[in-house]
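Undergrad: Okay, here's the structure, questions in a sec.
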Amino acid sequence: MLGILLGQSPRETEEKKERKFSFRKRKEKLEKRSSTKEVLPARCIQVTEVKPETLNPVWDEHFVFEIDDVHSDLLHLDIWDHDDDVSVAEACKKLNEVSGLRGMGRYFKQIAKSVRSNGSASSGSEENADDFLGCTNIPLNEFPIVGYDTWFKLEPRSSTSKVQGECHLILKLFTSQRDTALSKSDSNVSIHKKLLSQIVEYEHAHVKREPYNWNGRVCPPAWTALTHHAVQTDLSPLQQAVIRWQCYSSHHRTQRLCYSLLLRLLRTVDAEWDPAAVRGDLERQLSDSFRLYTEHCLCLMKNMRQVFPCSSAAAISRYELMLRGVGFMQNMQAFKTVCPLRHDLHMDITTAVKKGTVEWYESLIARFKPEDGPLEEQLKKLVQVVDAVCADVQRAQNNYNKLFYSAVKVDFFSIAYRQLEKQVADDVNVAMERVCGTLEQESSKLTQTMGEAIFELFMSLKILKDFREFLPLKDAKMLALTVFHNWFKSSIHKWLQIVHDRSGDRIRKAVEADTLEAVQQAKHSSSAAEVAACFSQVREIWLQLAWPDTAGAFIFVTRLTDNFCSEAVCYSEMMTRKIERNQLGRDHKSFTVQLCIGLNDTEHVRVFLAQLPRDLDWPAVERAMEESCGAEGKEQVYKALHGQLFNVDLDLQREAKRLITLLTDKMLPELRRYIQHISLSPDSINNDDVRPRGGVLCCVAVRVCNYFNAPLFFQAVSPLMKYLQDTMVILTEHLVKENLTK
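See below:
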């Protein structure tokens with residue numbers, strides 16, 4: 001049995017501790033209540049059904065009581081063990097026959113008396129008695145706003161009783177009267193939604209930190225008002241969850257919110273979801289909210305490069321939460337139920353990414369305007385466009401792709417890359433057709449500025465193409481940039497000629513500035529170092545190009561090798577002429593030193609050329625030609641490349657012999673003079689004055705002495721031996737090992 005107890009005085013409160021099992025009415029309280037009638041209707045006391053043969057009964061019944069004074073009234077609950085058909089439970093069914101407070105009091109006294117007499121009012125046996133199992137009093141003024149949903153401990157009627165147990169109750173307070181014009185025209189759901197919307201707008205406008213970090217919490221008074229309204233209008237948890245989602249998601253379309261809040265609201269709707277409880281207007285409104293939120297998020301995805309830039313860690317974090325929310329929503333049962341036609345959200349996201357990528361690229365073209373100005377200026381602007389695309393693709397790979405894939409299972413990188421790669425290829429192809437058309441004209445010449453722009457454009461496209469390694473295998477086929485190098489063939493030939501001309505000028509200036517002095521610890525001069533550096537830079541540029549078509553690279557490798565060889569021979573000839581001009585007026589030692597440095601310079605360049613087969617990967621070119629043209633093609637490549645190297649080696653050796661000839665020509669007059677001195681020397685030479693000198697030449701002289709008068713010969717040949725030995729010392733000190741061996 002359960003019912004409402006009216007408020008009691010302090011004295012009666014003390015008595016209540018000993019009489020918790022009965023309902024009492026306070027006379028003084030009743031006299032003060034004009035609303036209390038003499039006849040107490042049955043609505044004040046309700047009785048549940050009897051659950052037979054169980055110690056854990058589950059009633060699952062619903063009762064409604066009207067409250068006169070929520071501040072002092074109590075909800076009272078009695079639980080009895082029913083043993084007879086005619087006892088407490090049966091008697092309670094006759095409550096409607098009782099009228100008046102006195103009659104009600106006598107009625108419950110009889111029930112209590114029946115219990116105390118252990119069934120004397122019925123069969124008289126202990127087995128047929130109604131046993132009191134406990135009671136509980138719950139003050140109505142202690143009800144929380146959201147009500148109770150908990151277990152209450154059952155208390156005995158006296159301190160000597162051993163009654164114990166618990167009863168699970170779900171209790172709520174609500175009003176049943178609506179007397180406003182709004183309440184008569186709108187439903188409780190609509191009113192609560194309007195109330196929450198106003199509160200959300202006010203609270204968000206007065207937030208003191210970043211608006212997009214607002215977690216959606218409202219002030220305590222606002223929360224109390226919302227909770228009271230939800231309880232008083234008997235809104236279910238699902239209805240409240242749906243309303244909160246509608247209000248906050250709608251507010252999000254005009255003001256930025258914390259996406260963790262929206263994700264939490266979606267999870268609440270999903271946890272409370274009951275398809276049978278959402279029908280009619282509420283279902284339609286929920287469907288509209290999902291649709292509008294999805295469209296808004298798709299719009300943000302389309303403009304994500306501006307709204308969620310990678311340069312901001314906070315923006316990336318917010319974007320991740322937004323994607324997680326969209327991904328969670330598309331898997332919600334509520335979304336599938338109220339939006340049955342939006343099963344292709346994955347495709348909608350893909351479409352939004354494509355559109356956003358296209359619009360971003362169009363804005364990039366509008367900013368740089370690569371079609372304006374002279375052709376050289378157009379190429380420079382196009383390089384800037386491709387570089388910006390490469391940077392965007394890099395951000396897509398490093399940041400956006402993992403966000404999309406983990407949240408909504410969309411391969412953002414593949415979508416964005418394929419779209420950008422195609423658009424870049426179209427624009428560059430058109431530009432290179434204009435370049436080729438211009439260069440084919442007889443009066444047109446590839447300028448240095450244009451050549452540099454073409455090279456930079458090629459390198460930028462190569463970087464963009466290399467990103468395809470991050471694509472799935474199925475997406476890496478038939479890309480627009482697969483054969484982009486073919487657009488540059490004629491330009492590369494022109495560019496190689498420019499490089500050759502610039503290298504020649506650089507070598508010429510290096511020879512002119514050369515003082516024929518060894519640099520640092522090396523034995524060659526500054527010009528040789530400059531030539532090697534020039535060759536190395538050209539080689540590195542070619543390696544950076546990394547021409548994709550190895551067989552097609554044969555013609556370029558041949559051209560590069562020919563350029564290196566001709567430039568090396570030209571350098572060697574210029575150095576020989578420079579040394580020839582400098583020999584006049586120089587002493588033997590300084591001239592010999594310069595000549596040694598000149599020989600070393602030629603050898604230094606020759607050593608660099610000897611490494612070309614490895615540096616330019618001639619074996620790879622030979623293999624590629626063998627695959628495309630057979631063994632004959634491989635042999636042709638081998639002969640062409642190695643023939644160039646063989647010929648340049650002969651040319652360099654020729655120039656080295658010219659320098660050696662200069663040395664011997666310079667030494668001949670001195671040698672003749674010393675030999676003449678030997679032939680004119682007197683027959684009597686002091687033997688003690690002759691001392692053999694060390695070195696190879698002295699050893700030879702000693703052997704010659706076997707045929708002459710040794711003392712006289714040594715004294716006569718001594719000046720010659722000294723001259724030869726001094727020359728050998730100079731050569732040994734200043735020549736590199738290879739030249740000294742020669």
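Numbering (UniProt numbering), first residue to last: 1 to 742. Backbone N, C-alpha and C define an ideal beta-carbon position, used for all residues, glycine too. Model, not experiment: these values are computed from the prediction.
Going by alpha carbons, who is nearest to residue 808 out of Glu377, Ala407, His346 and His734?
TA: Residue coverage of the chain in this structure runs from 1 to 742, which leaves residue 808 outside it and unanswerable.
Undergrad: Report the rounded CA-to-CA distance for Ile415 versus Gly280, giving the unit in angstroms.
TA: Translated into the one-based positions of the sequence shown, residue 415 becomes position 415. Translated into the one-based positions of the sequence shown, residue 280 becomes position 280. If you take the alpha carbons of Ile415 and Gly280, they lie about 40 Å apart.
Undergrad: Please go through the same chain and pick out, in chain order, the residues whose beta-carbon is closer than 6 Å to the beta-carbon of Pro548, but skip the five residues on each side of it.
TA: Position 548 of the sequence shown holds residue 548. Result list for Pro548: His485, in chain order.
Undergrad: Looking at Lys193 and Ile145, is the spacing between their C-beta atoms short of 7 Å?
TA: Residue numbering aside, residue 145 sits at position 145 when the sequence shown is read from its first letter. Residue numbering aside, residue 193 sits at position 193 when the sequence shown is read from its first letter. Against a cut-off of 7 Å, the Cβ pair of Lys193 and Ile145 comes out as no contact.
Undergrad: Per the contact definition of three or more C-beta pairs closer than 8 Å, is the region 215-232 in contact with the region 269-277?
TA: They do not touch, by the three-pair rule.
Undergrad: Should Val729 be labelled buried (16 or more other beta-carbon atoms within 10 Å of its own) or exposed?
TA: Walking along the sequence shown from the start, residue 729 turns up at place 729. Exposed.
Undergrad: Below 8 Å on the Cβ atoms is my contact criterion, and I expect Phe368 with Met329 to pass it. Report the Cβ-Cβ distance as a whole number of Å.
TA: For the purposes of this step, residue 368 is taken as residue 368 along the sequence shown, with counting starting at 1. For the purposes of this step, residue 329 is taken as residue 329 along the sequence shown, with counting starting at 1. About 39 Å; that fails the 8 Å criterion.
Undergrad: Hey, quick one: how far does the alpha helix (DSSP H) through Thr602 stretch, first residue to last?
TA: Numbered from 1 along the sequence shown, position 602 holds the residue referred to as residue 602. Thr602 -> alpha helix (DSSP H) spans His588 to Ala610.
Undergrad: Check whether the Cβ atoms of Val717 and Ile678 sit closer than 7 Å, and answer yes or no.
TA: Position 717 of the sequence shown, counted from the first residue, corresponds to residue 717. Position 678 of the sequence shown, counted from the first residue, corresponds to residue 678. Yes, these two residues count as a Cβ contact at 7 Å.
Undergrad: Can you tell me which of Met304, Val338 and Met478 puts its alpha carbon nearest to the alpha carbon of Tyr400?
TA: Along the sequence shown, one-based indexing puts residue 400 at 400. Closest by alpha carbon: Met304.
Undergrad: How many whole angstroms separate the CB atoms of Glu627 and Tyr638, which I take to be in contact at a CB cut-off of 8 Å?
TA: By one-based count along the sequence shown, residue 627 stands at place 627. By one-based count along the sequence shown, residue 638 stands at place 638. No, Glu627 and Tyr638 are not in contact; Cβ-Cβ is about 15 Å, not under 8 Å.
Undergrad: What's the gap between the Cα of Gly325 and the Cα of Glu272?
TA: For the purposes of this step, residue 325 is taken as residue 325 along the sequence shown, with counting starting at 1. For the purposes of this step, residue 272 is taken as residue 272 along the sequence shown, with counting starting at 1. Using only the alpha carbons, I get a separation of about 17 Å.
Undergrad: Taking the alpha-carbon positions, what's the Trp495 to Asp665 distance?
TA: In the sequence shown, residue 495 corresponds to position 495, counting from 1. In the sequence shown, residue 665 corresponds to position 665, counting from 1. Trp495 and Asp665: Cα-Cα distance of roughly 44 Å.
Undergrad: Taking only the alpha-carbon atoms, compute the straight-line gap between Ser590 and Leu652 and give it to the nearest angstrom.
TA: The count along the sequence shown starts at 1 and reaches residue 590 at position 590. The count along the sequence shown starts at 1 and reaches residue 652 at position 652. Using only the alpha carbons, I get a separation of about 23 Å.
Undergrad: Would a C-beta distance cut-off of 7 Å place His524 and Asn600 closer than the cut-off?
TA: Numbered from its first residue, the sequence shown carries residue 524 at position 524. Numbered from its first residue, the sequence shown carries residue 600 at position 600. Contact flag set, yes.
Undergrad: Name the residue from Gln378, Pro669, Cys565 and Asp427 whose alpha carbon lies nearest to the alpha carbon of Leu641.
TA: Taking the first residue of the sequence shown as 1, we reach residue 641 at position 641. Nearest option by C-alpha distance: Cys565.
Undergrad: Let me make sure I understand the geometry here. Which of Ile79, Leu140 and Ala315 has the alpha-carbon closest to that of Ile4?
TA: On the sequence shown, residue 4 is found 4 positions in, with the first residue counted as 1. Of the listed residues, the one whose Cα sits closest to Ile4 is Leu140.
Undergrad: Please name the residue, chosen from Trp360, Lys489, Leu292 and Thr482, that lies closest to Glu469 on a Cα-to-Cα basis.
TA: Indexing the sequence shown from 1 puts residue 469 at position 469. The shortest C-alpha separation from Glu469 is found at Thr482.
Undergrad: Can you name, in chain order, every residue of its own chain whose Cβ lies under 6 Å from the Cβ of Phe308, other than the five neighbours on each side?
TA: Here residue 308 is taken as the residue at index 308 of the sequence shown, counted from 1. Hits under 6 Å: Ala315 and Tyr319.
Undergrad: Do you know offhand how far Thr224's Cα is from Ser197's?
TA: Numbered from its first residue, the sequence shown carries residue 224 at position 224. Numbered from its first residue, the sequence shown carries residue 197 at position 197. In a straight line, the C-alpha of Thr224 is about 15 Å away from that of Ser197.
Undergrad: What is the DSSP secondary structure of Thr150, counted as helix, strand or coil?
TA: Walking along the sequence shown from the start, residue 150 turns up at place 150. In this structure, Thr150 counts as strand in the three-state DSSP scheme.
Undergrad: Look up Asp78 in the DSSP assignment and give the residues it is bridged to.
TA: By 1-based counting over the sequence shown, the position of residue 78 is 78. In DSSP, Asp78 forms a bridge with Cys135.
Undergrad: To the nearest angstrom, how far is it from the Cα of Asp726 to the Cα of Ile463?
TA: Taking the first residue of the sequence shown as position 1, residue 726 is located at position 726. Taking the first residue of the sequence shown as position 1, residue 463 is located at position 463. Rounded to whole angstroms, Asp726 to Ile463 spans 59 Å at the Cα level.
Undergrad: Hey, would you say Asn137 sits closer than 7 Å to Leu238, going by beta carbons?
TA: Within the sequence shown, the letter at position 137 stands for residue 137. Within the sequence shown, the letter at position 238 stands for residue 238. It is not a contact, given that the beta carbons lie outside the stated cut-off.
Undergrad: How about His204 and Trp214: are their beta carbons less than 7 Å apart?
TA: Here the question's residue 204 lines up with position 204 in the sequence shown. Here the question's residue 214 lines up with position 214 in the sequence shown. Yes, these two residues count as a Cβ contact at 7 Å.
Undergrad: With contact counted as at least three CB pairs below 8 Å, one residue from each stretch, are the region 450-461 and the region 374-383 in contact?
TA: The answer is yes - the region 374-383 touches the region 450-461, with three or more Cβ pairs under 8 Å.
Undergrad: Between which residues of its own chain and Val218 is the CB-CB distance below 7 Å, once the five residues before and five after are set aside?
TA: Locating residue 218 in the sequence shown gives position 218, where the first residue counts as 1. Ile199 and Glu203.
Undergrad: Starting from Leu169, trace the beta strand (DSSP E) both ways and give me its first and last residue.
TA: Looking up residue 169 in the sequence shown gives position 169. From DSSP, the beta strand (DSSP E) with Leu169 extends over Glu166 to Leu171.
Undergrad: So, does the region 504-512 touch the region 559-574, judging by three or more C-beta pairs under 8 Å?
TA: Yes, the region 504-512 is in contact with the region 559-574.
Undergrad: Excluding sequence positions up to five away, which residues of its chain have a Cβ less than 7 Å from the Cβ of Leu261?
TA: Indexing the sequence shown from 1 puts residue 261 at position 261. Only Asn215, Gly216 and Tyr248 meet the Cβ criterion.
Undergrad: In terms of alpha-carbon separation, which member of Glu359, Gly165 and Leu543 lies closest to Glu155?
TA: As a first step, residue 155 must be located in the sequence shown, where it is residue number 155. For Glu155, the nearest C-alpha among the options comes from Gly165.
Undergrad: For Val269, is the classification buried or exposed, using 16 other Cβ atoms within 10 angstroms of its Cβ as the cut-off for buried?
TA: On the sequence shown, position 269 is the one that residue 269 refers to. Answer is buried; the Cβ neighbour count reaches 16.
Undergrad: Is DSSP giving Glu627 helix, strand or coil here?
TA: Residue mapping note: residue 627 aligns to position 627 of the sequence shown, counting from 1. Note: Glu627 maps to helix in three-state DSSP.
Undergrad: Do Lys354 and Gln441 have their CB atoms nearer than 7 Å?
TA: Residue mapping note: residue 354 aligns to position 354 of the sequence shown, counting from 1. Residue mapping note: residue 441 aligns to position 441 of the sequence shown, counting from 1. Cβ distance not < 7 Å, so Lys354 and Gln441 don't count as in contact.
Undergrad: Any chance you could list the alpha helix (DSSP H) runs of at least 4 consecutive residues sitting entirely within the region 255-309, in chain order?
TA: Runs found: 259-272, 281-302 and 304-307.
Undergrad: The beta strand (DSSP E) that contains Gly3, what's its start and end?
TA: One-based indexing of the sequence shown puts residue 3 at position 3. First-last of the beta strand (DSSP E) with Gly3: Leu2 to Leu5.
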